[in-house]
Amino acid sequence: MIEKVASKQRALDVKVFRQFSIPVEQYIVDYYEKNNINLTESEALDRLMPGFNENGEYQKHVGPDEREVQFVAIYDEQNPTLNERYSMTNGVMGVVCAQIRCRNNSSDVVTNHLSSSKVLPPHVYLANLRVDEMMRRKGIGTSLMKAVEEYASSNNINTIILSVDHDNHGAIQMYQRHGFEHVEENEGYEYGSMMKVLSTTSNVRVD
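So in full-length UniProt numbering, spot 153 of the sequence shown is number 153, and the numbers just go up one at a time.
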């Protein structure tokens with residue numbers, strides 16, 4: 001199951017999945033052992049997620065021209081081993097970030113990830129795609145990328161761009177299978193940029 005991150009708790013689940021944070025329950029125990037004070041789950045969540053609103057959005061990225069969302073793959077089957085494995089992340093077993101990058105002036109030159117000679121239209125930047133190693137090669141990465149494409153289309157954007165390390169041949173091949181093409185090798189850097197132009201866009205806007 002693929003869902004859009006829409007709560008502070010789910011945003012924390014992503015951070016735990018990426019090993020950037022600890023779960024609320026663990027934080028409450030650690031805080032009590034250190035300070036002899038019992039925190040509520042809400043208080044612990046606020047301490048773990050400074051700068052995030054109740055919709056799970058980091059406040060730096062809620063402007064209309066640089067909006068960022070995350071999509072997660074949720075484990076919803078019944079397997080004792082995997083149930084335990086994903087319990088700390090409340091089921092999160094994969095994640096991808098999508099950032100709308102709108103340009104107010106069509107002549108704006110993009111210097112981040114692409115050379116200064118590249119001029120880009122408004123696009124969605126796909127970043128930090130990750131699937132747990134035990135769930136790879138099961139179509140989850142494909143489903144996450146499809147969610148990003150649908151998000152782009154629903155916002156009337158038909159261009160998706162990503163960066164990938166030159167030596168990550170498996171990822172490059174996967175992106176190529178899904179229609180991405182190299183647009184910049186970024187000589188002197190360890191990564192290159194790839195782009196996909198969607199064939200159609202939707203008239204329905206999703207904020």
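Glycine is no exception: its CB is placed at the ideal position from the N, C-alpha and C atoms. Everything numeric in this text was worked out from a predicted model, so none of it was measured.
Which of helix, strand or coil does DSSP assign to residue i?
i, result
"F17", "helix"
"R101", "strand"
"K4", "strand"
"K34", "helix"
"S143", "helix"
"G170", "helix"
"I22", "coil"
"E150", "helix"
"K138", "coil"
Verify the CB distance criterion: does residue i have a CB-CB separation below 8 Å to chain C?
i, result
"Q173", "Note that chain C does not occur in the displayed structure, where there is just one protein chain."
Where does residue i land, buried or exposed, given buried means 16+ other C-beta within 10 angstroms?
i, result
"Y86", "buried"
"G141", "buried"
"K196", "buried"
"N158", "buried"
"I37", "exposed"
"K8", "buried"
"M145", "buried"
"E149", "buried"
"R10", "buried"
"H166", "exposed"
Considering residue i, what are the terminal residues of the beta strand (DSSP E) in which it resides?
i, result
"N128", "123-131"
"T159", "159-165"
"Q70", "68-74"
The alpha helix (DSSP H) spanning residue i covers which residue range?
i, result
"T81", "80-85"
"E43", "41-48"
Compute the Euclidean distance between the alpha carbons of residue i and residue j, then round it to the nearest angstrom.
i, j, result
"Y32", "M1", "35 Å"
"H180", "I74", "It is Phe, not His, that sits at residue 180 in the sequence shown. Rounded to whole angstroms, F180 to I74 spans 25 Å at the Cα level."
"K60", "V69", "12 Å"
"E25", "E41", "7 Å"
"E3", "V72", "6 Å"
"R137", "N156", "30 Å"
"N53", "C97", "17 Å"
"I100", "S193", "16 Å"
"V5", "N55", "8 Å"
"S143", "Y58", "24 Å"
"H182", "Y151", "22 Å"
"P23", "V29", "10 Å"
Three or more C-beta pairs below 8 Å linking the region 77-94 and the region 2-18:
By the criterion of at least three beta-carbon pairs nearer than 8 Å, the region 77-94 is in contact with the region 2-18.
Using 8 Å as the cut-off, can you tell me whether the region 71-88 makes contact with the region 40-50, which would need three or more C-beta pairs spanning the two stretches below that distance?
Too few Cβ pairs lie closer than 8 Å, so no.
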